[in-house]
Amino acid sequence: MALGFSLIVLSGSTMALAKYPSLDYNCITNLEGEERMKKELRVQLILLLFLISSCTLAAITATHKKTPTPTTIAQVNGTPAATLTPEVKASPTETLPMEILPTDTPVPPPPTRTPKPTFTPQPTSTPQPTFTLAPTKEGETPQPTPTSLPTPTPTPEPAGPVDKEMVMIPGGEFMMGSSNGDPDEAPPHPVTVAPFLMDVTEVTNAEFAAFLQATGYQARTVQLGEDDHPVSRVTWDNANDYCAWAGKRLPTEAEWEFAARGTDGRVYPWGNDWDPARANGRESGIRSTVAVGSFPGDSPFGVLDMAGNVREWTADFYEKYPGSSHYSQFFGKFRVHRGGGWFDDAGDLRAANRNGGPPETANDDLGFRCVRDANS
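First residue of the sequence shown: 15, per the numbering used here; consecutive thereafter.
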């Protein structure tokens, strides 16, 4: 653009030179006028040359600015990443945009993942019968004789529990519950119980230890104490699993109460009057378990420790009795345990008293005993 402007000025100046001679020579008649005219022409020529030089310099400068110098980004690890070529400024206030141009250096391909080896389980081989070629007569084709399969070694069954004394409960009808106790004991209602056998005493530490040793059973809450003391800190599952191993089961709530009070509806296993000498409860002052059968308060059927020492898990869920309007949020969730323990007072040692807890309960005053059907 500057070069074009210079050409226009040069053209205008040339036209002026062409006009001045014809105009001045027609008007000037003396020598002084002619000399003055020549001086003016020389001055104009000098100005014209200066103007041409200025325009040419401006054009060269503008051309130089239009040619940007490429800038190469610093190399990373010896390889140039890209070349930057700035664009021509649109105006003095505009920001010069930068364009990143890729270089000729090839980009390495992404790494290929190596697949993990897969393992296909191989079927376990089943022993196949082997064949032995029996000797034959000359000219006969030998026939294979099958060899018998190896006899598998039987897995020995775990040893059963030691014999434990049990007593026969003849069965019959009795009034279960009480109208003089807690709301969940009412109303008294008739229940018929089939004959069954019941352990005379609670399961001891020694008996439960034999179960653990024979089966490898894990009972995390149990802390075994003296051999002849009742095992405690057993959950409902622990008690149920032991009874199953022993070929027995936990008693139902009705079976337990019937074995404790018989058919005459007595309050305690030994009768209707409280006697602290007949049960290991709070009033005994011992405040721990004692050897099973230590107290003489046996039931009408000769079952010991049905009151005190440890509470005993039963098979049933804690539910309201038939005809009862009593409600508890624990109905259908807790398992029933009966009999009271060494920490309980006389009211909780009654044969009709009911207690319950989550199946995972494992207290130091909570144990169990087992029963078995009479015809088994």
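Where is the CB? At the ideal position from N, CA and C, for every residue including glycine.
- Annotation: the continuous alpha helix (DSSP H) that includes Trp270 extends over Glu267 to Arg275.
- If only complete runs of 3 or more residues are kept, the segment 327 to 389 shows the beta strand (DSSP E) at 349 to 352, 369 to 371 and 385 to 387, in order along the chain.
- According to DSSP, Asp213 shares a beta bridge with Met180.
- Going by DSSP, Glu221 is part of the alpha helix (DSSP H) stretching over Asn219 to Thr229.
- Its chain contains Gly295, Arg296 and Glu297 as the residues whose beta carbon lies nearer than 8 Å to that of Asp359, once the 5 sequence neighbours on both sides are disregarded; these appear in chain order.
- Per DSSP, the continuous alpha helix (DSSP H) segment holding Ala253 begins and ends at Trp250 to Trp259.
- Between Glu269 and Val385, the C-beta gap is smaller than 9 Å, which places the two residues in contact.
- Excluding sequence positions up to five before and after Phe345, its CB lies within less than 7 Å of the CB of Tyr332, Glu333 and Lys334, all in the same chain and listed in chain order.
- Secondary structure at Thr206: strand, using DSSP grouped into helix, strand and coil.
- Sorting Ile183, Gly185, Met51 and Leu380 by C-alpha distance to the C-alpha of Trp356 places Leu380 at the top.
- In the three-state reduction of the DSSP assignment, Pro244 falls in the strand class, which pools E and B.
- Taking a cut-off of 8 Å on C-beta distances, the segment 200 to 209 does not touch the segment 234 to 247, as fewer than three cross pairs fall below it.
- Judged by DSSP secondary structure, Gly186 falls within the beta strand (DSSP E) whose first and last residues are Gly186 to Met190.
- The segment 191 to 201 and the segment 313 to 330 do not touch, with fewer than three beta-carbon pairs separated by less than 8 Å.
- In this structure, the alpha-carbon of Ala366 lies about 11 Å from that of Gly354.
- Looking only at Thr277, Asp312 and Thr303, the smallest Cα-Cα distance to Asp289 is reached by Asp312.
- Burial check for His340: the Cβ neighbour count within 10 Å stays below 16, so the residue is exposed.
- Taking the CA atoms as reference points, Cys257 sits about 6 Å from Leu264.
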